[in-house]
Every structure is written in C-alpha cells, then in structure tokens.
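The numbers in the UniProt record's numbering rise by one with no breaks, and the one at position 21 of the sequence shown is 21. Positions of the beta carbon are idealized from the N, C-alpha and C atoms, including for glycine. Predicted model only: the values in this text are computed from it and were never measured.
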Amino acid sequence: MITPDYALQDALVRACKAARTAAGDNIFDKVPAKAAYPRVVIGPSQVVPIGASCLGAKEVTQQVDVWTDSVGFGAARQIAGTIVSLVEDDQLQPTGFVIALAVVESTDISRESDGIVSRARISIRAILQPAA
C-alpha cells in the first residue's frame, strides 16, 4: 500500500521532471555523493490523520529544498517558483490518492555559510484522500 506522503513525494518528483527546471533530473530524497547543482531535494514530511479514520483523509506536510551554486538567488528562485506553481496550479497527481487541498505555506530563500550555495526551502501542506 502506498502511503500518502510517498504518493505526494512521487507526484512532486514526476511533476518537477516534467516541468524541466534547471535542476533537470537532479531530484532526490537522499543526495548521492558528488551530485551536481542545481538540485531539488524532497525533504522530511509529516502525516496527520484528519477526522474519522474510516474516511482515510490525511494532512501531509512536505519540505522541498532547492540547492544551487549559481551566483545570486536567481536560479534558486526560478526553480522554487516553478515548484510553487506546480502546487498552486493543481499539477500534482499522486498515485492512489486525490488531493483535496494543496497550498504552499512558505518559501524561504537563503545563502549557505560558504557564501556560494543558495537554498530555497518550500513548505507544502496537502490534504490527501484515498482515490475511489
């Protein structure tokens, strides 16, 4: 059985690859050694049941990180903007589930302590229900 957090992760990966961002296929949940920049990392998630257990609805909070080594924040903002649009424009299609609600709660862009790498942290909240 597919869990709602895995279904959302898989939908994010497929949608990001189809969107052809500058990260290309560099989309991971565990970054391999020497992975190139830019990259998208599907980070930690949380699943919380909603209402009666017989309904099966779950609230999933998912962190997505964009990492770039381009000069400035531009590349991180462009990739993050594409991911935000995928969520806001209902482009995610999780296998075995229907998304009742998907929102981007925040996007935080910062520079790492090395002064080179930029990071965008995107927090997504979605309510998923089992497909009929």
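key: Range of the contiguous beta strand (DSSP E) that encloses Lys58   = 58-68
ask   = Can you tell which of Asp65, Ile116, Lys58 has its C-alpha closest to the C-alpha of Val40?
value = Asp65
request  = Mind checking who Arg121 pairs with in its DSSP beta bridge?
outcome  = Asp65, Asp108
inquiry  = Please report the distance separating the alpha-carbon of Ser45 from that of Gln62.
reply    = 4 Å
Coil, strand or helix - Ala102 by DSSP = strand
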